[in-house]
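A.B. asks: Residue 1 is where the sequence shown starts when you use full-length UniProt numbering, and the numbers rise one by one after that. Beta carbons are placed, not taken as given, at the ideal position from N, Cα and C, and that holds for glycine.
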Amino acid sequence: MRNPLFIAEHRGWPLTKERHIELIRWSCECVRHVLPLLGDNIDPRIVFALETGEKWASGIAIVGDARKAAMWVIIAARESQNPTEIAIFRAAWHAVATAHMADHAPGWAEYALKAIIYEWKSFDEERKWQDEKLPEDIREMVITSRSLKGKAWMTSFKKAQKEWENFIKKKSQINN
Numbered sequence: 001m002r003n004p005l006f007i008a009e010h011r012g013w014p015l016t017k018e019r020h021i022e023l024i025r026w027s028c029e030c031v032r033h034v035l036p037l038l039g040d041n042i043d044p045r046i047v048f049a050l051e052t053g054e055k056w057a058s059g060i061a062i063v064g065d066a067r068k069a070a071m072w073v074i075i076a077a078r079e080s081q082n083p084t085e086i087a088i089f090r091a092a093w094h095a096v097a098t099a100h101m102a103d104h105a106p107g108w109a110e111y112a113l114k115a116i117i118y119e120w121k122s123f124d125e126e127r128k129w130q131d132e133k134l135p136e137d138i139r140e141m142v143i144t145s146r147s148l149k150g151k152a153w154m155t156s157f158k159k160a161q162k163e164w165e166n167f168i169k170k171k172s173q174i175n176n
């Protein structure tokens with residue numbers, strides 16, 4: 001079920017255009033924060049998706065452009081074998097898909113946190129950084145959404161931890 005806080009004002013719900021723009025800008029900024037986990041190997045489709053989201057926020061791109069960019073990063077995620085890269089592709093997908101449906105915004109954060117877990121970085125530090133970047137206007141809606149989905153995401157994080165351990169195990173078997 002959709003969280004009504006993320007449904008647009010023109011549909012009779014509380015999300016203003018200004019807040020929608022803040023959501024996508026915050027989403028794109030925060031996905032960019034985890035890009036260094038990929039080193040110099042950043043797939044241009046991720047950058048294109050984030051740029052498209054930022055262009056939508058500036059009024060240069062339309063929702064259709066964002067949807068196309070979102071599809072490119074989903075295709076890229078399916079092609080990848082690297083769990084960190086897959087998580088970042090999916091984070092970028094949620095960030096740019098926020099132009100179409102604002103309730104995608106919290107999803108990018110969770111995939112970014114998965115990427116952090118895969119790289120054995122601090123979950124708590126990344127979440128704190130994300131929260132510090134949250135504009136005041138959207139803070140309550142994002143935090144509320146996060147608490148509504150909390151158990152499902154924690155299960156997902158535990159699964160991510162196991163996937164990463166299996167990935168490392170397979171990698172070490174191949175190298176031996």
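Helix or strand or just coil, what does DSSP make of E165?
C.D. replies: The sequence position of residue 165 within the sequence shown is 165, counting from 1. Note: E165 maps to helix in three-state DSSP.
A.B. asks: How is K17 classed by DSSP in three states: helix, strand or coil?
C.D. replies: Translated into the one-based positions of the sequence shown, residue 17 becomes position 17. Looking at K17 - three-state DSSP - the assignment turns out to be helix.
A.B. asks: So, using beta-carbon positions, are I86 and S80 closer together than 8 Å?
C.D. replies: Position 86 of the sequence shown, counted from the first residue, corresponds to residue 86. Position 80 of the sequence shown, counted from the first residue, corresponds to residue 80. It is a contact, given that the beta carbons lie within the stated cut-off.
A.B. asks: Report the residue from R32, H100, A76 whose alpha carbon sits nearest the alpha carbon of I116.
C.D. replies: Taking the first residue of the sequence shown as position 1, residue 116 is located at position 116. Ranking the options by Cα distance to I116, first place goes to R32.
A.B. asks: Can you tell which of V34, A70, D65, F89 has its C-alpha closest to the C-alpha of D43?
C.D. replies: Residue 43 sits at position 43 when you count from the first residue of the sequence shown. Residue F89 is the option with its Cα nearest to D43.
A.B. asks: Would you kindly check if the distance between the Cβ of D137 and the Cβ of E54 is under 8 Å?
C.D. replies: As a working mapping, residue 54 is identified with position 54 in the sequence shown. As a working mapping, residue 137 is identified with position 137 in the sequence shown. No. Outside cutoff.
A.B. asks: Only counting the same chain, and skipping five residues up and downstream in sequence, which positions put a Cβ closer than 7 Å to that of F48?
C.D. replies: Counting from one through the sequence shown, the residue named residue 48 turns up at place 48. Excluding sequence neighbours, F48 sits near A69, W72.
A.B. asks: Tell me the DSSP secondary structure of L23 in three-state form.
C.D. replies: Locating residue 23 in the sequence shown gives position 23, where the first residue counts as 1. Here L23 sits in helix by DSSP.
A.B. asks: Can you check which of these residues, L50, S172, L37, is closest to S122 by C-alpha distance?
C.D. replies: The count along the sequence shown starts at 1 and reaches residue 122 at position 122. When each option's Cα is compared against that of S122, the closest is L37.
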